[in-house]
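**Student:**
2 protein chains.
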Amino acid sequence: MAIKDEVTDKYSLRGRVYNKIREDILEGRYKNNDELKELAIGEELGVSRTPVREAFRQLELEGLIRIVPNKGAYVTGITAKDVKDIYMIRSKLEGLAARWAVSNITEEQMSEMEENIYLTEFHASKGHLDQIATLDNRFHEILYEACGSKMLEHQLREYHEYVQKVRRKTLSENKRSLASTGEHKLIMEAIKSGDENQAEKMANKHIENAYKNMVKNGLKESYPEA
Amino acid sequence: MAIKDEVTDKYSLRGRVYNKIREDILEGRYKNNDELKELAIGEELGVSRTPVREAFRQLELEGLIRIVPNKGAYVTGITAKDVKDIYMIRSKLEGLAARWAVSNITEEQMSEMEENIYLTEFHASKGHLDQIATLDNRFHEILYEACGSKMLEHQLREYHEYVQKVRRKTLSENKRSLASTGEHKLIMEAIKSGDENQAEKMANKHIENAYKNMVKNGLKESYPEA
DNA sequence: TATCGTATAATTGTATACAATTATTTTGCT
DNA sequence: AGCAAAATAATTGTATACAATTATACGATA
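If you read the protein sequences in the order shown, they are chains A and B.
So in our numbering, spot 212 of the first sequence is number 1148, and the numbers just go up one at a time.
So in our numbering, spot 20 of the second sequence is number 956, and the numbers just go up one at a time.
Below you can see the structure in the form of structure tokens.
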């Protein structure tokens, strides 16, 4: 499971190495089965093998590389199917989060969620894409925090981060943001009204729709098939 | 997320350290917020700090410890609520696995699954608890392999392993194994008959029932509340 | 006594050194 | 030339060394 940014400090050498390699993999700069050599990467980033090795171990745990003992580290990469699977998994888990949020969300979180949606609607009407993206991410963050489960929060944050990196490879979605905000609103309203089933269902659909949109925008073309 | 045993080699020093600490945490030998010191653990296991540090990084990623830069590594531990959450998450994901298995399972996997169930029924009638446990684990492994998703397989294996360690702390379940086998059979039959909805539903319920059984057998008493 | 500041020790972060394993090249033979 | 074996180089695994940071102990001062 991996990884929160809160935990993986970005400012240690190891943290920097980890983030760099991770990005390179998620954004497709490394290809599947590429071999990563400790010394080469260390030199490229100006650090010794020690932090590189530690970063490798974490990447291995995440499944982004695989380490063959005494041989080397090889990029596992992610395929179009992997992305699809992650969205389907995430759909289920966001559903759970929404369900649990119904009985765990605090007043403050509820307020922030409502505010988030009103703000998003405003920026959507003005076409402020950057702000919309930030608010979109924040909406999901609030949901994760509100679900009241350390385990689920951890897992969802990991997948969400995964997907964000991936999303940069597909075209930026302008029309989608309108629909997306509407879906956020439905989730929020279900939580506010205490309807667990509805909250779960709306969250399920929201992620499924996000995936469908990615497919339309050329996901398949961005990733290897197998 | 972590971690497959296939990947985390058990025979390197780092692998041994990783497995040792992980077990100690999951089986409750370390308490929440215990501080882990690299040198002390290294000496205890007769290794230097290097493999210990690498193991720490993996454990951090899994969420089992948290590392505060320049300060130390602290056990995060798992509470009774964490265990519950994991079961609920797993319920959803096993459901997905069963659904996907319907269209991805191979003939061989299907045969092994059927054989697994008949064998389990046999051993259940004889009261062979060890064999039942092995077959139970294997049933889930087959399901994970059959779902046809690297991502889901990875995730489920991690949670399953998590839970197995935890389960040792609760009493061994004798009557449960009969019901459990029956549930396996329902999942298998749904997959065999091509009924995706039924497969998902039965897998959901199976995990939920497993959790209910754990609660009856004293889960709460085995783990800290908060 | 209480508290602050400084010195000391303990601990982590990183780099380097050495050992073990694996990959590559060279060499010798047919 | 082609192959095998040996030598060499490259790479990983682990241990140690050193630097930087944090924790602890001690003592001076009010």
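Glycine included, each C-beta is placed from N, C-alpha and C at the ideal position.
Sort out for me which residues DSSP pairs residue 1008 of chain A with in a bridge.
**Tutor:** Its beta-bridge partners are A:1004.
**Student:** Tell me, please, which residues DSSP counts as bridged to residue 882 of chain A.
**Tutor:** A query on residue 882 of chain A cannot be resolved here, the shown segment of chain A reaching from 937 to 1162 and no further.
**Student:** Is the region 1026-1041 of chain B touching the region 1110-1118 of chain B, taking contact as three or more C-beta pairs under 8 angstroms?
**Tutor:** With the cut-off at 8 angstroms, the region 1026-1041 of chain B and the region 1110-1118 of chain B do not touch.
**Student:** What residue does the alpha helix (DSSP H) around residue 1022 of chain B start on, and which one ends it?
**Tutor:** Unbroken alpha helix (DSSP H) run through residue 1022 of chain B: 1016-1040.
**Student:** To the nearest angstrom, report how far apart residue 1076 of chain B and residue 994 of chain B are at their CA atoms.
**Tutor:** Taking the straight line from one Cα to the other gives about 25 angstroms.
**Student:** What's the call for residue 1056 of chain B, buried or exposed, on a 16-neighbour Cβ count within 10 Å?
**Tutor:** So residue 1056 of chain B ends up on the buried side.
**Student:** Report yes or no: do the region 993-1011 of chain B and the region 1061-1068 of chain A share at least 3 C-beta pairs separated by less than 8 angstroms?
**Tutor:** As far as the Cβ criterion goes, the region 993-1011 of chain B does not touch the region 1061-1068 of chain A, which means the pair count is below three.
**Student:** Suppose contacts are defined by Cβ-Cβ distances below 8 angstroms. Is residue 1126 of chain A in contact with residue 1088 of chain A by that definition?
**Tutor:** Cβ atoms of residue 1126 of chain A and residue 1088 of chain A: not closer than 8 angstroms.
**Student:** May I ask which residues mark the beginning and end of the alpha helix (DSSP H) holding residue 988 of chain B?
**Tutor:** 985-998 is the extent of the alpha helix (DSSP H) around residue 988 of chain B.
**Student:** Determine the closest residue to residue 1040 of chain B out of B:1101, B:1071, B:1081 and B:1158, with distance taken between C-alpha atoms.
**Tutor:** It is B:1081 whose Cα lies nearest to the Cα of residue 1040 of chain B.
**Student:** Could you please tell me which residues of the region 1064-1091 of chain A, in chain order, have their CB closer than 8 angstroms to any CB of chain B?
**Tutor:** For the region 1064-1091 of chain A, which is checked against every Cβ of chain B, the residues closer than 8 angstroms are 1085, 1086, 1087, 1088, 1090 and 1091.
**Student:** Beta-carbon within less than 6 angstroms of residue 966 of chain B's beta-carbon, same chain only, minus the 5 sequence neighbours each way: which residues are those?
**Tutor:** Closer than 6 angstroms at Cβ, skipping near neighbours: 960 and 1011.
**Student:** Would you mind telling me which residues of chain B sit closer than 8 angstroms to residue 1128 of chain A, beta carbon to beta carbon, in chain order?
**Tutor:** Chain B residues near residue 1128 of chain A: none, gap ~23 angstroms exceeds 8 angstroms.
**Student:** Considering only the alpha carbon of each residue, which of B:954, B:1021 and B:1091 lies closest to residue 1146 of chain B?
**Tutor:** When only C-alpha atoms are compared, the closest one is B:1021.
**Student:** With a 10 Å radius around its C-beta and 16 neighbouring C-beta atoms as the bar for buried, classify residue 1004 of chain A as buried or exposed.
**Tutor:** It counts as exposed.
**Student:** If you count every other CB in all the chains shown that lies within 10 Å of the CB of residue 1052 of chain B, and 16 or more means buried, which is it?
**Tutor:** So residue 1052 of chain B ends up on the buried side.
**Student:** For residue 1152 of chain B, which option in B:1111, B:1134 and B:1141 has the closest C-alpha, if you only look at C-alpha atoms?
**Tutor:** The shortest C-alpha separation from residue 1152 of chain B is found at B:1111.
**Student:** Residue 948 of chain A versus chain B: which residues are under 7 angstroms apart at the beta carbon?
**Tutor:** Chain B residues near residue 948 of chain A: 1005.
**Student:** What separation, rounded to the nearest whole angstrom, lies between the Cα atoms of residue 956 of chain B and residue 964 of chain B?
**Tutor:** When rounded, the distance between both Cα atoms is 12 angstroms.
**Student:** Beta-carbon of residue 1123 of chain B versus every beta-carbon of chain A: anything under 8 angstroms?
**Tutor:** Cβ-Cβ to chain A under 8 angstroms: no for residue 1123 of chain B.
**Student:** Check each residue of the region 1024-1051 of chain A: if its Cβ is closer than 7 angstroms to any Cβ of chain B, include it; give the result in chain order.
**Tutor:** Listed by position along the chain: 1024, 1025, 1028, 1029 and 1032.
**Student:** Anything in the region 988-1000 of chain B with a Cβ closer than 7 angstroms to a Cβ of chain A? List those residues in chain order, please.
**Tutor:** Those would be 989, 990, 993, 994, 996, 997, 998 and 999, in chain order.
**Student:** On the criterion of 16 or more Cβ atoms from any shown chain inside 10 Å, does residue 975 of chain A qualify as buried, or is it exposed?
**Tutor:** With fewer than 16 Cβ atoms within 10 Å of its Cβ, residue 975 of chain A is classed as exposed.
**Student:** Given that residue 1018 of chain B touches chain A, what residues does it touch there, using C-beta distances under 7 angstroms?
**Tutor:** Correct list: 1086 and 1087.
**Student:** Compare the beta carbon distance of residue 962 of chain A and residue 987 of chain A with 8 angstroms and say whether it is the shorter of the two.
**Tutor:** No.
**Student:** Only counting the same chain, and skipping five residues up and downstream in sequence, which positions put a Cβ closer than 8 angstroms to that of residue 1078 of chain A?
**Tutor:** Around residue 1078 of chain A: 1045, 1048, 1049 and 1052.
**Student:** So that I know if they touch, is there some Cβ in chain B lying closer than 8 angstroms to that of residue 1021 of chain A?
**Tutor:** True, the Cβ-Cβ gap to chain B drops below 8 angstroms.
**Student:** Pop quiz: residue 1009 of chain B and residue 972 of chain B are said to be a contact at Cβ under 8 angstroms. What is the actual Cβ separation, rounded to whole angstroms?
**Tutor:** Yes, residue 1009 of chain B and residue 972 of chain B are in contact; Cβ-Cβ is about 4 angstroms, under 8 angstroms.
**Student:** Could you check if residue 1098 of chain A is buried or exposed, using at least 16 other CB atoms within 10 Å of its CB as the buried criterion?
**Tutor:** Residue 1098 of chain A comes out buried.
**Student:** Helix, strand or coil for residue 1090 of chain B per DSSP?
**Tutor:** Helix, per DSSP.
**Student:** If I follow the unbroken alpha helix (DSSP H) through residue 1153 of chain B, where does it start and stop?
**Tutor:** First-last for residue 1153 of chain B: undefined, no H or E at that position.
**Student:** Buried or exposed for residue 1129 of chain A, going by 16 or more other Cβ atoms inside 10 Å?
**Tutor:** Flag for residue 1129 of chain A reads exposed.
**Student:** Measuring only the C-alpha atoms, how far is residue 1096 of chain B from residue 1085 of chain B?
**Tutor:** Each residue's alpha carbon lies about 16 angstroms from the other.
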